[in-house]
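Right, one structure below, let's go through it.
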Amino acid sequence: MTENRPVLVSMRGLTKRFGETLAVDDVSLDIRQNEFFALLGPSGCGKTTLLRSLAGFEYPDGGTITMTGDQGDIDLLALAPERRPVNLMFQSYALFPHMSVERNIAYGLQREGLPKDEIRQRVAEVLETVGLSGKSKARPASLSGGQRQRVALARAIVKRPRLLLLDEPLSALDRKVRAEMQLELKRLQHEVGITFVVVTHDQEEAMSMADRIAVMSAGRVEQVDSPVDLYQRPATVFVADFIGSSNSFVGVRAAGGVDVPGLGLLPGHPVGETSSPQAVLVVRPEDLRLVDDASGLITGTVIETQFYGGRSTIAVEVAGHPGPLTLSCQGTADVMRGTTVHLAWAADRGVVLAPQGGR
Amino acid sequence: MTSTQTAPGRGAARRRALGARAVFAGPGLLYLTAFMTIPLLIVLSYAFLTRGRFGGVKLELTLSNFSKALDSTYLSILGNSVLIAGITTVLALALGYPTAYAITRLPSRWRTVALVLVVLPFWSNFLIRTYAWIVLLNSEGPVNSVLVNLGIVGAPLDLLYNRGAVVVGLLYAYLPLMILPVYAAIERVDPQLQEAARNLGAGKIRAFLDVTLPLTLPGAMIGAIFVFVPSMGNFVVPELLGGGKTVMVGNLIRDQFLEARNWPFGAVLALSVMIFLVVLFAIQAAIGRRINGGARA
Ligand SMILES: Nc1ncnc2c1ncn2[C@@H]1O[C@H](COP(=O)(O)OP(=O)(O)OP(=O)(O)O)[C@@H](O)[C@H]1O
Ligand SMILES: [Mg+2]
Numbered sequence: 000m001t002e003n004r005p006v007l008v009s010m011r012g013l014t015k016r017f018g019e020t021l022a023v024d025d026v027s028l029d030i031r032q033n034e035f036f037a038l039l040g041p042s043g044c045g046k047t048t049l050l051r052s053l054a055g056f057e058y059p060d061g062g063t064i065t066m067t068g069d070q071g072d073i074d075l076l077a078l079a080p081e082r083r084p085v086n087l088m089f090q091s092y093a094l095f096p097h098m099s100v101e102r103n104i105a106y107g108l109q110r111e112g113l114p115k116d117e118i119r120q121r122v123a124e125v126l127e128t129v130g131l132s133g134k135s136k137a138r139p140a141s142l143s144g145g146q147r148q149r150v151a152l153a154r155a156i157v158k159r160p161r162l163l164l165l166d167e168p169l170s171a172l173d174r175k176v177r178a179e180m181q182l183e184l185k186r187l188q189h190e191v192g193i194t195f196v197v198v199t200h201d202q203e204e205a206m207s208m209a210d211r212i213a214v215m216s217a218g219r220v221e222q223v224d225s226p227v228d229l230y231q232r233p234a235t236v237f238v239a240d241f242i243g244s245s246n247s248f249v250g251v252r253a254a255g256g257v258d259v260p261g262l263g264l265l266p267g268h269p270v271g272e273t274s275s276p277q278a279v280l281v282v283r284p285e286d287l288r289l290v291d292d293a294s295g296l297i298t299g300t301v302i303e304t305q306f307y308g309g310r311s312t313i314a315v316e317v318a319g320h321p322g323p324l325t326l327s328c329q330g331t332a333d334v335m336r337g338t339t340v341h342l343a344w345a346a347d348r349g350v351v352l353a354p355q356g357g358r
Numbered sequence: 000m001t002s003t004q005t006a007p008g009r010g011a012a013r014r015r016a017l018g019a020r021a022v023f024a025g026p027g028l029l030y031l032t033a034f035m036t037i038p039l040l041i042v043l044s045y046a047f048l049t050r051g052r053f054g055g056v057k058l059e060l061t062l063s064n065f066s067k068a069l070d071s072t073y074l075s076i077l078g079n080s081v082l083i084a085g086i087t088t089v090l091a092l093a094l095g096y097p098t099a100y101a102i103t104r105l106p107s108r109w110r111t112v113a114l115v116l117v118v119l120p121f122w123s124n125f126l127i128r129t130y131a132w133i134v135l136l137n138s139e140g141p142v143n144s145v146l147v148n149l150g151i152v153g154a155p156l157d158l159l160y161n162r163g164a165v166v167v168g169l170l171y172a173y174l175p176l177m178i179l180p181v182y183a184a185i186e187r188v189d190p191q192l193q194e195a196a197r198n199l200g201a202g203k204i205r206a207f208l209d210v211t212l213p214l215t216l217p218g219a220m221i222g223a224i225f226v227f228v229p230s231m232g233n234f235v236v237p238e239l240l241g242g243g244k245t246v247m248v249g250n251l252i253r254d255q256f257l258e259a260r261n262w263p264f265g266a267v268l269a270l271s272v273m274i275f276l277v278v279l280f281a282i283q284a285a286i287g288r289r290i291n292g293g294a295r296a
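Taken in order, these protein sequences are the chains called A and B.
In this text, residue positions in the first sequence follow numbering that gives the first Met the number 0: the first is 0, and each later residue adds one.
In this text, residue positions in the second sequence follow numbering that gives the first Met the number 0: the first is 0, and each later residue adds one.
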């Protein structure tokens, strides 16, 4: 969907070290124009550091950041933070405590030297957007966490930068407001034509909002893909584990799948190129099916079923396999605990990956 | 039923909390009451009494002490004191703020070292330190000999026994009292606020003026009061470095009690200084409240 859009920001070999910690480790990423790009990863994997490098508050130890401008390419690293066409919404909001909500939001526009009337109008509009029109004169200290977050968001989007960086923009909001704000962000993106890079560790949020997602782990980018590809074709075991849930089998690479000790040849197709003979086969719970004896790949015993309303999961214990397998199906699960079942999946639903760490 | 039980329970809890507070605050409050309020009341009452012949007071009410204070001689001394203390405070702010700012930018290990260095002079006697300035500034002192030997001036300058020398002495004495509160204030400002300002398009200096400076103003005001108040009341520095030519209200008050033996008039002078300072405090508090928007930041 966004494949053919031109690249807006291009990072190459970005590295940032804090003493012993490699916060960002050789990251190369392209952010395309007008796309909604999500950075997803566990706490401490370097998401904030990456955003701060883009905004100019961390100076990377190595690598380049280039932005495509109207008049040729801009070397972002050569620009002071205030000169970058980039706005950052801070993870801790960083609202000015001595200014009212209104003045906080107007601050960036005043720095641009815009006429007073325009500033007033744009501030009023954005306050309307984030639903804080009644709070324009309030000081940040008198707002709730969610309200502060919305002021921080308003302060960043009111500038209409080319690149908007949001560090966990919705984490303090309750579910309902959060869903509204997600829609609002998407609407803004379409209307104003801003490119968004959003940090989150909520994978559902990333999946539902982003055009593309970069999954990070320990400073490295594990995979960059559309939400669907990320889910269906994880490139690494880390991504497979981190995005959704999955069943994995450890074994040796073989023609047409993975040879798993005790279970035999299990079907799957390799993703990417690897040379290591060790391999991990990953199958999503909804790709596992209950079948009759003859076509079964694996035989096991049902140890538990759970009903989630519209969807059920079945936990199956398999001799020789560590931990139960999870199978999910529509409706209710028509099997009793203790039943012996046979499981299968289509070969194109099994993904063969290199084991964690090996590439 | 539950409510009838909890209401007195809650009252008891509140009483216990009050009791605990009294225990903690008690000794300090008692000390302040005994050694601050009582002398203050004595001074206040003396102001309305008549001077005794050999010091002390006679129990005759009068307002003449107040009218005497309005004499131009005394008003000009008060004005002179305000001027000297004011100049000292402004200089302390001009020197102390950048110093405090620089200290906050040091790596944390060096920050502690720098703060210790700032308060180091307090470890030696105030009189000795002030005498040291006489040695430094006199016509054969090191400052003058350096200036003369470098050919910057032809003859030694009169650095001692004038207003400038008093300001130098006071500044030296009270500069740490400016640096410490300002340092604490700058330290408390979240560095991300400065970053946010720059992200929104402000240059380094602009971000400092718009964010750090207003947020540290209350700290600077506290520093200003810490410097101004003791500068006003100091009588050692004007006497030693001012050579008795530069009289400040502190000298005047001391003289009324110890030499002129006019206690009631000394009391009036002391009270007027105090009222002046209370007004200053009120202004400071009002400005501080405005900056914090009435909320605890
Ligand atoms: N200023 C700093 N000094 C030292 N180490 C730092 C600094 N900033 C970040 N780090 C380290 O760099 C790593 C990445 O931090 P970062 O804040 O980028 O993580 P994150 O992905 O944003 O995490 P979270 O989801 O918790 O916000 C962490 O190990 C962190 O401890
Ligand atoms: Mg973070």
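Every residue gets a Cβ at the ideal spot worked out from N, C-alpha and C, and that includes glycine.
Residue i: CB within 7 Å of a non-hydrogen atom of ligand 2
i: residue 227 of chain A; result: no
i: residue 298 of chain A; result: no
i: residue 189 of chain B; result: no
Local Cβ density within 10 Å of residue i, reported as buried at 16 or more and exposed below that
i: residue 74 of chain A; result: exposed
i: residue 88 of chain B; result: buried
i: residue 281 of chain B; result: exposed
i: residue 35 of chain A; result: buried
i: residue 204 of chain A; result: buried
i: residue 347 of chain A; result: exposed
i: residue 3 of chain B; result: Residue placement at residue 3 of chain B is flagged as unreliable, the pLDDT there being 45, under the threshold of 50; the coordinate-derived value follows with that caveat. With fewer than 16 other Cβ atoms within 10 Å, it is exposed.
i: residue 261 of chain B; result: buried
i: residue 172 of chain B; result: buried
i: residue 233 of chain B; result: buried
i: residue 5 of chain B; result: Residue placement at residue 5 of chain B cannot be trusted, given a pLDDT of 48 that sits under 50; what the coordinates show is reported in the next sentence. Exposed, because fewer than 16 other Cβ atoms sit within 10 Å of the Cβ of residue 5 of chain B.
i: residue 60 of chain A; result: exposed
i: residue 151 of chain B; result: exposed
Residue i, DSSP secondary structure in three states
i: residue 9 of chain A; result: strand
i: residue 204 of chain A; result: helix
i: residue 154 of chain B; result: coil
i: residue 134 of chain A; result: helix
i: residue 189 of chain B; result: coil
i: residue 128 of chain B; result: helix
i: residue 347 of chain A; result: helix
i: residue 225 of chain A; result: coil
i: residue 43 of chain A; result: coil
i: residue 16 of chain B; result: helix
i: residue 63 of chain B; result: helix
i: residue 267 of chain A; result: coil
i: residue 290 of chain B; result: helix
Closer than 7 Å: residue i CB and nearest ligand 1 heavy atom
i: residue 14 of chain A; result: no
i: residue 22 of chain A; result: yes
i: residue 42 of chain A; result: yes
i: residue 17 of chain A; result: yes
i: residue 148 of chain A; result: no
i: residue 46 of chain A; result: yes
i: residue 193 of chain B; result: no
Residue range of the unbroken beta strand (DSSP E) whose run includes residue i
i: residue 329 of chain A; result: 324-329
i: residue 47 of chain A; result: Counting along the chain, residue 47 of chain A falls outside any beta strand (DSSP E), though it belongs to the alpha helix (DSSP H) covering 46-54.
i: residue 233 of chain B; result: Run containing residue 233 of chain B: none; DSSP gives neither H nor E here.
i: residue 117 of chain A; result: Run containing residue 117 of chain A: none in the beta strand (DSSP E); it sits in the alpha helix (DSSP H), 115-128.
i: residue 65 of chain A; result: 61-68
i: residue 315 of chain A; result: 310-316
i: residue 288 of chain A; result: 288-290
Residue range of the alpha helix (DSSP H) that includes residue i
i: residue 189 of chain A; result: 174-191
i: residue 156 of chain A; result: 144-156
i: residue 241 of chain A; result: 236-241
i: residue 211 of chain A; result: That residue, residue 211 of chain A, is in no alpha helix (DSSP H); its beta strand (DSSP E) goes 211-216.
Distance cut-off 7 Å: residue i Cβ against heavy atoms of ligand 4
i: residue 198 of chain A; result: No copy of ligand 4 occurs in the structure displayed; its ligands are ligand 1 and ligand 2 alone.
### Task
Answer yes if the stretch 81-98 of chain A comes into contact with the stretch 147-155 of chain A, meaning at least three C-beta pairs across the two stretches below 8 Å, and no otherwise.
yes
### Task
Would you check if the stretch 244-251 of chain B and the stretch 96-103 of chain B touch, i.e. whether three or more CB-CB distances between them fall below 8 Å?
no
### Query
Does the pairing of the stretch 98-110 of chain A with the stretch 36-46 of chain A give three or more beta-carbon distances under 8 Å?
no
### Query
Should the stretch 116-129 of chain B be regarded as contacting the stretch 200-218 of chain B, the criterion being three or more beta carbon pairs within less than 8 Å?
no
### Task
Spell out a yes or no on whether the stretch 314-334 of chain A and the stretch 279-298 of chain A are touching, meaning 3 or more CB-CB pairs, one atom from each, closer than 8 Å.
yes
### Query
If we count Cβ pairs, one from each stretch, closer than 8 Å, do we get three or more for the stretch 205-224 of chain B versus the stretch 256-271 of chain B?
no
### Query
Touch check for the stretch 49-60 of chain B and the stretch 263-270 of chain B: three-plus C-beta pairs under 8 Å?
yes
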